[in-house]
Amino acid sequence: MVNILSILTMNMISPINIIAVSLGIAFFMGLLGNKAQRTSYILLIAALLFNTIVSLQWLYGLANNLVEAQQIFTAGYKPPFSINLLMGLNEAVIASLINIVGLLGAIYMGSTLKKNGSGSQVVFLVLFMSLNVIVLSRDLFNIFVFLEVGSIAVAGLVILQKGVKAVSAGFKYMLATGIIAGIFLIGIIFIYRFTGSLNLDQIIQSNPAIKQGALISSFLILIAIILELKPFPANGWALDVYQAAHPGLSAILSSAVGTANLYVLYKFTGMAGDSLMHYISLIGIVTFVGSNLLGINQKKARRLLGYSSVGQIGLLIAIMGLLPHSNSNFKLIFFGILTSHYFAKAGLFWISGIIKAENIKEWSVLRKKPVLLFLFLSFILALLGFPPFPSFWGKWQLVMELSAQGQFAVIIAILVGSFFEVVYLMRWAGYSIKLEAGTLPEIKLSKYIPVILFGLGLYAVGYFVSQSVEFGNTINYLPLLVVAVLLVVDFLPAFVKNSLSILATGWFAYLLIPGQDTIKFIFTIIFLVGGILTLIPGFQIKGKREGFYPSAMLMFGGLALLIEASNLLQFFFAWEIMTIGSYFLIIRGKKSMPHALSYMLFSVGGAYLILLGFGMVSAGNSGLSLDLLSSIKVYPVLAMSLMAVGFMTKTASLGLHIWLPGAHGEAESDVSPMVSAILLKAGVFGLILLMLASGGEQNSYSGLFYVLGWIGALTALVGNLGAIFQEDAKRLLAYSSIGQLGYILFAFAIMTHMGWLTGLTYTINHFMFKAILFLAIGGIVMKLGTHNMYEMGGLIKKMPFSFIAVLIGIITLAGIPPLSGFGGKWLFYNAVIMKGWYFQGAVVFFAGTIAFLYLFKLIYSVFLGQLKDNHRNVKELSIWFLLPQYILIIGIMVFSAKPDLILKPIGNAIAMAFPSNQLTWEGTKALSTLGYWDATTIMVVIGGMFVVLLGWLMFMSRKAQKVEQFNMVYAAERPERPELTHVSHNIYAGYNKALGFLVAPGITNFWNYTTNLVESTGNFIRRIYSGNGQSYAIHLVSYIVIVFIIYLTAI
């Protein structure tokens, strides 16, 4: 292939032939008329293919230094007496993008173009000819002429779509572009007056920025080009076109026309001074934030894509104004974000035309075509800047560059705009995955091909860009290859895919475990061995279980990459991969759509805080090593705080916890333990890296850790209180997880040797007992078909093995001897007393007392009490659910009897960071300055007591009479509802009256109020888009005047 291209570059086709061939064929197509529509269409495809080949030939030659950039002079003269074209590497890239989407767009719109006759085909060809000209031309007036030609062509193609909306949108488009053309022409007249030339290169060399009159004329030209890019809020006319035009044309407007106009702006920025560049960046940022804000409540798919298109182009405008074009990373950043927008937006507009769904809730029809659904989700994730897409690398590098310049306010604005976009695009993705699927129209191959090719192109360019980013070549793509394989074989039975997933996870563990330090070894066990255990129940699932295993392996792969990460880029890449996979797992639950969106929003918000923190870490330092966390030079306390809060979104700390109960409670039965026992530890792992880097005992962040300690204590209290008032068994366990993660955060925040031993002990224990409890209760919920504990009861004889597993789990959780939870509690007492955090400690220990209440409610409600009639034939859980539970029970028993096997290495690992008041060991006896704890002795003594007491009870009850189930009365009254006969129902009503105010939904109400405020603001501003052409004309003129006045005050 390379040899063929090398041969082709030996005979380069002059770029001017793009114009000549396009004009010639367009003229010939006009002569053919409508009687030879098929021939005319073939000529159209041939011309567009020729243009694509020419631009790709030049791209290959210039990129590989096989040819040099070429200037083409018309009429045999040089400027200013002729018009010159330039084909350099930049022009070749942009022209190739334009011509590729033109060729695929013509294929996609084939039936429409044939139906409307050769006239529409001529207009289509002329549009792409004009786009090529404005990219290649170096003459101002020539660019103006062909911008107008292109505008007329677009308006003509818009009105080909039948209907009043299309005609109205076309008229408004012509009106707007007419005003813009007038401003542009005035600017050209003045620039010619002050420079004496229309050649762009000569104008730039004359430096018009030093002349006041020429500076104003430069402003007029630049503002005209910016208006062509539809800046907020002077863009209502463009939004109407995006919505009303043919989807294929909307794709061209967003991908081709937008790309060409961006490059024209790039060429013209050489005429601007620093002050103008500043305003260009400001216009871009306002457009990015404002457009995405207004898109939040949009329900019409193509108008929503219009808001997103305007926003993405606004971001590119901002980048153009923010970064010096001489910056070595400018083109990389710009190209990464541009190509994601280019591929994704065209793909989404094309899909909208395939499924013919106007409202975003109707896009669930995509579930009937998994390939289309996969491409749709890929395009969405690419727009949002997730890996492995080009925009991820572009945004990462953008944040690093802006951080190096100290432009943190700009970064915050960009991240806010990005977050707004996440809101509406992920809501849309949720609808497509979860809502009931409608009827899918018949899909022609000609419409399928462009979407598939652009989907593949998106992934290919993403990999290409990653290799150009600093440290991008350190990214391990192996987990993503496993995911790709599982996607390809997703048609296989679940049993086969489950086996493959377990093998792959085991392989990850095999590759990672050797050579890891103690702490990373522990988390590798939690992430990957835990992953294998939680995958085992999948063997019970029948059918194909489509989509589950790629999602699971995406999450586990991300977790594996977290362990492996040695630099900031690797860590953030892994964090984002893990987030995507876990979102797709959570949303699989029957009622989990809103909870999955909530999880995603908190996760993305947390990821943006981490990214901003990483930017501060990189500023003033060289390289991206994780070791830089220990030498933060720019706002160190703020950077540490941002990263800590980002990690705490995963640990569901107080204020950031509202996503967790619904996400865990509504997830599938084998997904809940994955999320609770494993995923939450990712946040813990991040906090551990952060705190170790802070300097251990000698850290300079004592104020931050004091605040984190209080947050942990209050999280434990609120989580446990929330658990006791739950009637849903899985939600009870979810609130319990919030409380347990509060303990862990509190323990690490103590920042002493004993505190960290406590934190790691609780981390290990939580992994084991929460996996057991969620597997057992989740399996029971799946068996019984209900989450409500008051609809359960009496299952101890039906499910004895599950009862034993739950009993061991709650004993460990409660911290009752002889199991390992008691050891954790003993360490906690020591850590709190040694630190002197008595008030926080009192809150934590009170929270621990509350835990007994919900644990009693859980085991009594489910296993004791009266058996329900409809549960008389219920059988024990499948061996696939029991097996991982009992493997984990073995782990608990080993940890309980011989904790020194784990705690000694942990103590040694943290001794350098926390050398004071270390725990010492005499065999199995642990000694602190306050006392000792001998787990083995406790296990033997309590085990012996249990055997003796059990034997005595069995002996004494050998003649006891069994009481039949219904040998009871209900105070001689008939209950109103069946649940009133269950002691579990509202069992803690009294506590609710006394302490319920502590778990009142104040935090939830705060986030709901914030959400409503943002949506209301967007809806209020959106009123300016009345659909009236005259209003839009006023918007344009007002925009020019206001920006001009602001600009004049600064020069």
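Quick note on numbering: the sequence shown equals residues 242 to 1292 in my numbering.
Backbone N, C-alpha and C fix where the C-beta goes; we use that ideal spot for every residue, glycine too.
Proximal residues to Ala-975 (C-beta, below 6 Å), its chain only, five neighbours per side dropped: Leu-901, Pro-902, His-905, Gly-906
Any 3 or more C-beta pairs closer than 8 Å across the segment 423-439 and the segment 384-401: yes
For Glu-332, the first and last residue of its enclosing alpha helix (DSSP H): 330-349
Helix, strand or coil at Thr-1161 according to DSSP, with G and I counted as helix: strand
Member of Glu-683, Leu-865, Leu-870, Val-482 whose CA lies at the smallest distance from the CA of Thr-715: Leu-865
Met-242 (DSSP reduced to helix, strand or coil): With a pLDDT of 44 at Met-242, under the threshold of 50, the predicted position of this residue should be treated as unreliable, and no value is reported.
Residues near Leu-1347 in its chain [Cβ-Cβ closer than 7 Å; skip 5 each side]: Since the first and last residues shown for the chain are 242 and 1292, residue 1347 lies out of range.
Pairwise C-alpha distance: Leu-803 and Gln-811: 8 Å
Helix, strand or coil at Ile-743 [DSSP, three-state]: helix
Nonlocal neighbours in the same chain, by C-beta distance under 6 Å from Ala-934, ignoring five residues either side: Leu-870, Ser-871
Cβ neighbours of Trp-637 in the same chain (closer than 8 Å, five flanking residues each side left out): Val-710, Leu-810, Phe-813, Leu-852
Of the residues Asn-940, Leu-639, Ile-1283, Ser-1061, the one placed nearest Leu-1142, counting alpha carbons only: Ser-1061
Closest by C-alpha distance to Ala-261, when choosing among Ala-277, Met-253, Phe-291: Phe-291
Own chain partners of Lys-609 with C-beta closer than 8 Å, once the 5 adjacent residues on each side are dropped: Ala-678, Leu-681
Three or more C-beta pairs below 8 Å linking the segment 1006-1025 and the segment 1035-1049: yes
Run of the beta strand (DSSP E) containing Phe-314, from where it starts to where it stops: 311-314
Residue nearest to Val-702 in terms of C-alpha spacing, selected from Pro-631, Ser-644, Leu-441, Asn-1071: Pro-631
DSSP-derived helix/strand/coil call for Ser-1267: coil
Per-residue DSSP class, three states only, for Ser-1279: helix
Anticipated Cβ contact below 8 Å, Ile-674 with Ile-828, distance rounded: 6 Å
Leu-1168 - containing beta strand (DSSP E), residue span: 1166-1169
Beta-carbon separation (whole angstroms), Tyr-1273 vs Ala-417, contact threshold 8 Å: 6 Å
Sequence-distant residues of the same chain with beta carbon closer than 8 Å to Val-243, five excluded per side: With a pLDDT of 48 at Val-243, under the threshold of 50, the predicted position of this residue should be treated as unreliable, though the coordinate-derived value follows. Within the same chain, Val-243 has no close Cβ partners at all.
Endpoints, alpha helix (DSSP H) assigned at Trp-1193: 1176-1197
With 16 other Cβ atoms within 10 Å as the buried cut-off, status of Gln-278: buried
Gln-446 to Arg-434 span [Cα, whole Å]: 16 Å
DSSP-derived helix/strand/coil call for Tyr-1288: helix
Cβ separation of Leu-928 and Ala-885, assumed to be a contact under 8 Å, to the nearest whole Å: 7 Å
Val-551 beta carbon less than 8 Å from that of Asn-476: yes
For Gly-397, the three-state DSSP class (helix, strand or coil): helix
Nearest candidate by alpha-carbon position, reference Pro-1252, set Asp-1110, Ser-1169, Leu-842, Ala-1083: It should be noted that the sequence gives Thr, not Pro, for residue 1252. Per the Cα distances, Leu-842.
Contact under 8 Å by Cβ, Val-376 with Ile-339: yes
Segment contact flag, the segment 551-566 with the segment 471-490, C-beta cutoff 8 Å, min 3 pairs: yes
Check whether Ile-1005 and Leu-1129 have beta carbons under 8 Å apart: no
Trp-1078 - containing alpha helix (DSSP H), residue span: No alpha helix (DSSP H) holds Trp-1078; DSSP gives it neither H nor E.
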